[in-house]
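Here is the structure we will look at, set down as structure tokens.
Chains as they are written, first to last, in the numbering used here: chain A, 18 to 427; chain B, 18 to 427.
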């Protein structure tokens, strides 16, 4: 099935707003096995919209239209859809009542111009928006089914998952349920992860369980998209593959699904009833900034110290251990993490590097990790932050802290 | 002149990469007075590319194509352009030699597949890429001039400004020079800034000097796009308007052009020969993280402290002053900044708020600023970080620290 995405709106067309809606829709469709073959961006302009509808209607089987469902005069999607279908706009009494009630519940009167949002092309299929005033709808233009969604990301995302994707799967004769299992790792690049997962039965880019990667620098997300006849069938297919992926990626997996690296560290500290103090040099508050806002940090996070001054011996393992031990004594935290970064001399360049020394002290003693990273000042900062959090995670979970990662040079 | 943007590549089409190249190109064109009227995304697919070239060639006067100029087999732009023009690909001896020399200078031999990048449609206009192996080119397809640019953002951006935009301006019969003057402000929203700048002669969204805004949460960027016959003419037009904008936005302007808020704070501290210590609560290292990486921070930034514990009286002005004074005594820094954030009780919601107290201590005494912000935990954190840095800037530059901003509630 050929699916197209058509994004409307001057903010998108002029580049003022980056088109993250497009990439979200395309990614989600790919994850459920639907392929996007064409993307179009047009502004809030009647002629362009009509031309774009007709072109896409001649090419595609299904078109997701995003935007142009608002209450103002430059929101043209319903009007132009009606024109393309050769039908009038008619009032959806149902949606008008839903909007009126929704305003009433918040003690407000619905502004008159919202009525426009209940005007749909005659014969259109209604698509519910449970969290906004812009309802969706579907019509057929040319040989394609057009599904209209609002531009507000939160509303679009929910409607895409709950309303649009099920309709597209039905259109394409794809039945059953789907799930996306995600692993977040640190320390391995996409090509190494691909190698580590080679040969798992049923798992491939075009396999029964679709394998995908997305780099969220410096983390890598490994995604398994799976379909099943029903929930039991899906679990039966996914479970062995999921377990094998987890085993192969091993200690590099820092979190799964909605979890985060810093969240896992925080949960473990809470579970152990321990507290934490952090001393940072070049990472300048970035480690503290990841931990301090989390729920539970009030209890766990005792102290963060940011300084630019390295010990005289630089970023050695010994210096990091001593810094961690001193921080633990001063702060009286259960765990003390010290991160020393010694930058190379010279100007910032793509091959600019640094030596990173990480020390952790707790009641049982101290551990250290030293690594050399190159890639410019910003990458060193980001890499050192992630490495430090990951060392702490590994230490707390009883894993080796000195496993070689792809991003270091020796 | 009708300009279109055509982005190619599976990574963009499938949403794996967010299409920031599109928004950059569209914004830059808008800033020099060129209007983008249509955007297209297609994958690394011969049929789609050819169809997209023909459609755009029938609609537009000029088309910027981005991507598909790499050395691998899925890079199809030159091939399909030649097909659309009905001409063969021919080797550019000039570009082949440039590439070979560039590899030789780095002591490397050019891989054989790079030769593909010197194959251009016969009769194509060469467009230089001074920093990469993917040269650009221009051909005419249908009624439109097509300008091909590489997908690597750094290369595309430089070629767009130096090579593509001048050609487009010439095509559109637009002569002279252009400049974009930028003001970065904190504390005013887009609609208020628009009001503050109302009535300046020659300055409007469609005026002689084009006014534009872009929100970089929580900062606002105010942009003046100006054209002139030559540099002297441009300066003569811009100078009085620029001065008036600076006067009207007044103390809210935190930086201009390439400057940043934290950079201005750092420069001032360096110029004064002063040092700084920062104590943060809920902003958890974010303030330190903005300052610590800057050039000169080695000298200026004495100490950052992150804690979750508020003084017993909460985020009062008095508590912030006392915390700043204590920090100054302990750290012996010239300037001490203390930021106390007292969150409301209850779950995170869009109207979740906090009271923020900022204290600054230096040799001349102490100042404080208290504000109430709502908008959820993340917004409070971002807002408090910006407010604290802005208070420090205002204090260092002798400006009032307690000017009301749009983002606070009273």
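Note that beta-carbon positions come from the ideal geometry of N, C-alpha and C, so glycine has one too.
The Cβ-Cβ distance between residue 25/A and residue 66/A falls below 9 Å. A contact is defined here as three or more CB-CB pairs under 8 Å, and the segment 130–146 of chain A meets this definition with respect to the segment 101–110 of chain A. Closest option to residue 391/A, judged by alpha-carbon separation, among 359/A, 52/A and 28/A: 359/A. Judged by DSSP secondary structure, residue 57/B falls within the beta strand (DSSP E) whose first and last residues are 52–59.
Residue 214/B and residue 29/A have their alpha carbons spaced roughly 25 Å apart. Taking a Cβ-Cβ threshold of 7 Å, none of the residues of chain B is close to residue 399/A; the smallest such distance is about 11 Å.
Taking CB atoms only, residue 36/B has a neighbour in chain A less than 9 Å away. At least 9 Å separates the beta-carbon of residue 309/A from that of residue 297/A.
Under a 10 Å Cβ-count criterion, residue 420/B is classified as exposed, with fewer than 16 other Cβ atoms of the shown protein chains found around its own Cβ. The C-beta separation of residue 146/B from residue 176/B comes to about 6 Å, placing the pair in contact by the 8 Å criterion. Remark: three or more beta-carbon pairs, one from each stretch, lie closer than 8 Å, so the segment 392–410 of chain B and the segment 369–377 of chain B are flagged as touching. The C-alpha of residue 70/A lies about 55 Å from the C-alpha of residue 388/A. The beta-carbon of residue 124/B is placed no less than 9 Å from the nearest beta-carbon of chain A. Residue environment for residue 225/B: exposed (fewer than 16 other C-beta atoms within 10 angstroms of its C-beta). When CB distances to chain B are screened at a threshold of 9 Å, the residues of the segment 286–307 of chain A falling below it are 295, 297, 298, 299, 300, 301, 302, 303, 304, 305, 306 and 307, in chain order. Residue contact with chain B for residue 412/A: absent (no Cβ-Cβ distance below 9 Å to any residue of chain B). In chain A, no part has a C-beta under 8 Å from the C-beta of residue 396/B; the shortest such distance is about 12 Å. In this chain, the alpha helix (DSSP H) harbouring residue 394/A covers 394–413. Residue 252/B: member of the alpha helix (DSSP H) spanning 248–266, first to last residue. Of the candidates 236/B, 311/B and 164/B, 164/B places its Cα closest to the Cα of residue 86/B.
The way I'd put it, the segment 239–256 of chain B does touch the segment 196–213 of chain B; three or more beta-carbon pairs between them come closer than 8 Å. Contact holds between the segment 403–416 of chain B and the segment 265–273 of chain B, because three or more Cβ pairs, one in each stretch, are under 8 Å apart. Per DSSP, the unbroken beta strand (DSSP E) holding residue 390/B starts and ends at 382–391. For residue 354/A, the closest Cβ of chain B is not nearer than 9 Å.
Secondary structure note for residue 182/B: its alpha helix (DSSP H) is the uninterrupted segment 182–188. Taking C-beta atoms as the reference points, residue 161/B and residue 78/B count as a pair closer than 9 Å.
Around residue 42/A, the beta-carbon contacts reaching into chain B at under 8 Å are 32. Residues of chain A with a Cβ closer than 9 Å to the Cβ of residue 231/B are, in chain order, 33. Annotation: Cβ neighbours of residue 65/A in chain B (cutoff 7 Å, chain order): 54 and 55.
In this structure, the straight-line span from the alpha carbon of residue 334/A to that of residue 125/B is close to 37 Å. Take residue 222/A, set aside five residues on each side of it, and the residues of its chain with a beta-carbon closer than 6 Å to its own are 228, in chain order. The Cβ neighbour count for residue 179/B, taken over all protein chains shown within 10 Å, is under 16; the residue is labelled exposed. Around residue 426/A, the same chain offers 370, 389, 390 and 391 as residues with beta carbons nearer than 8 Å, after the five sequence neighbours per side are excluded. Rounded to whole angstroms, the separation of the alpha carbons of residue 284/B and residue 257/B is 27 Å.
Per the coordinates, the alpha-carbon of residue 307/B lies some 28 Å from the alpha-carbon of residue 422/A.
Counting C-beta pairs with one atom in each stretch, the segment 28–44 of chain B and the segment 405–414 of chain A have fewer than three that are closer than 8 Å, which means they do not touch.
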